[in-house]
Amino acid sequence: MKIATWNVNSLKVRLPHLLEWLADQPIDVVCLQETKLTDDKFPREAIAQAGYESVFIGQPTYNGVAILTRRDTVGAPTDVRFGNPLHADEQRRLISATVAGVRVVCAYFPNGQSIDSDKYVYKLEWIDRLIDWLAPQIAQGLPLALAGDFNIAPEDRDVRNPAEWAGQVLCSVPERERFLRLVNSGLVDSFRLFEQPEKIFTWWDYRQMAFRRNNGLRIDHVLVSENLRDRVLGCQVERELRKREQPSDHAPVVVELAPGDQGPSSSR
DNA sequence: ATGGCCCGTAGAACGGGA
Numbered sequence: 229m230k231i232a233t234w235n236v237n238s239l240k241v242r243l244p245h246l247l248e249w250l251a252d253q254p255i256d257v258v259c260l261q262e263t264k265l266t267d268d269k270f271p272r273e274a275i276a277q278a279g280y281e282s283v284f285i286g287q288p289t290y291n292g293v294a295i296l297t298r299r300d301t302v303g304a305p306t307d308v309r310f311g312n313p314l315h316a317d318e319q320r321r322l323i324s325a326t327v328a329g330v331r332v333v334c335a336y337f338p339n340g341q342s343i344d345s346d347k348y349v350y351k352l353e354w355i356d357r358l359i360d361w362l363a364p365q366i367a368q369g370l371p372l373a374l375a376g377d378f379n380i381a382p383e384d385r386d387v388r389n390p391a392e393w394a395g396q397v398l399c400s401v402p403e404r405e406r407f408l409r410l411v412n413s414g415l416v417d418s419f420r421l422f423e424q425p426e427k428i429f430t431w432w433d434y435r436q437m438a439f440r441r442n443n444g445l446r447i448d449h450v451l452v453s454e455n456l457r458d459r460v461l462g463c464q465v466e467r468e469l470r471k472r473e474q475p476s477d478h479a480p481v482v483v484e485l486a487p488g489d490q491g492p493s494s495s496r
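Counting from 1 along the first sequence, just add 228 to a position and that's the residue number in our numbering.
So this is what it looks like as structure tokens:
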């Protein structure tokens, strides 16, 4: 079973890329962030014709998240939940569902803007509430994948120019400390389970030809619970989608999971 | 030195992203 996360930066604009990608790649579960669509405008039909069920929650202009599941393999998701029950948040940043026995949490972490911004305070608080919610479930042994745009580069090796970013939003100590707290609640960064080439990133600024110069950050992640660790077969960044005309500034991250005891399609 | 792009909402610039 393949699980992917992708910040599309407007699903309206990126829908053709998404459909071409899914026609080409056998992804079973796709977590999307920054759909920027209200629910009445979500392209459920086009995605259904491509063979995917979708659950989603959006708002005008900002945020918006969705989980797509491949009908032929994993079927429709169950126990869909919107938001964090421990956090009355107006912003649509979280959706979770059970797919093939795995609790999939699709998250669009706040950006934070800059470390002296109110948005930064909100970011840290938002993550704290997320940990409060997820940690007990992980501790109880729920097989879980937390996939999304974390807006955190966990270590300096996840940044092309660490000196430029030192102490800045996405790289600050409090953010990295929270990433570690998430990991320490019983998750592993699937990307780091494998020997990886250096300088692999998931986001590149649209400006300054940053992608061509590979001036990026690794801020999109798939963390899996310890009890799924042995099932992770690989984790890679789909740079191809960032090379296209009119790309998202993020590239997808794809994780492959070996079938569980119940198999990938027997969950429902 | 600063900001240099893209998207949505606008119906011109501006907020937000990262």
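Note that CB positions come from ideal geometry on N, CA and C, so glycine has one too. Fair warning: this is a prediction, and the values are worked out from it, not measured in the lab.
H478 is positioned such that its CB atom lies no closer than 9 Å to that of N312. Looking only at P480, Y434, L456, the smallest Cα-Cα distance to Q464 is reached by P480. Sequence-distant Cβ neighbours of I285 in its own chain, meaning closer than 6 Å and more than five residues away, are F310, R320, I323. When the five nearest sequence neighbours on each side are left out, the beta carbons in the same chain lying within less than 7 Å of the beta carbon of V450 are those of I231, T233, A373, A375, S418, C463, V481, V483, in order along the chain. Partner residues in a beta bridge of Q396, as assigned by DSSP, do not exist. V387 carries a strand assignment under DSSP once its states are collapsed to helix, strand and coil. N389 is classed as exposed because its beta carbon has fewer than 16 other beta carbons within 10 Å across all chains shown. With a cutoff of 9 Å on beta-carbon distance, I295 and V330 are scored as not near each other. The beta carbons of V397 and Y434 sit no closer together than 9 Å. Sequence-distant Cβ neighbours of I255 in its own chain, meaning closer than 6 Å and more than five residues away, are K230, A232. Bridge pairing for F284: A294 [DSSP]. DSSP, read as helix, strand or coil, puts R331 in strand.
Ranked by how close their Cα comes to the Cα of I355, the residues S345, F337, A363, I366 have F337 in first place.
Residue state for K230 is assigned as strand, using DSSP reduced to three classes. In this structure, I428 lies away from E403, with their beta-carbon atoms at least 9 Å apart. Counting C-beta atoms within 10 angstroms of its own C-beta, P244 has fewer than 16 neighbours from the protein chains shown and is therefore classed as exposed.
In this chain, H449 is not harboured by any alpha helix (DSSP H); it is covered by the beta strand (DSSP E) spanning 448-453. Taking 9 Å as the cut-off, the beta carbon of I447 is found closer than this to the beta carbon of F378.
DSSP, reduced to helix, strand and coil, places R309 within a strand of the structure shown.
Ranked by Cα distance from P487, the first of R457, Q474, R470 is R457. By the criterion of a C-beta distance shorter than 6 Å, G292 is surrounded in its chain by T263, K264, L265, G286, R320, once the five residues flanking it on both sides are discounted. Going by beta carbons, V302 and V327 fall inside the 9 Å limit. Between E353 and L415, the gap from beta carbon to beta carbon reaches 9 Å or more.
When C-alpha distances from W431 are compared across E466, W249, L250, the shortest belongs to E466. Straight across, the Cα-Cα distance linking L362 with N339 is about 20 Å. Check the Cα spacing between A316 and each of Y350, W249, L408: the tightest is with Y350.
Residue pairing for G376: DSSP places it in a beta bridge opposite A335, H449. Sequence-distant Cβ neighbours of R406 in its own chain, meaning closer than 6 Å and more than five residues away, are I355.
At the C-beta level, A278 and D307 stay beyond 9 Å of one another.
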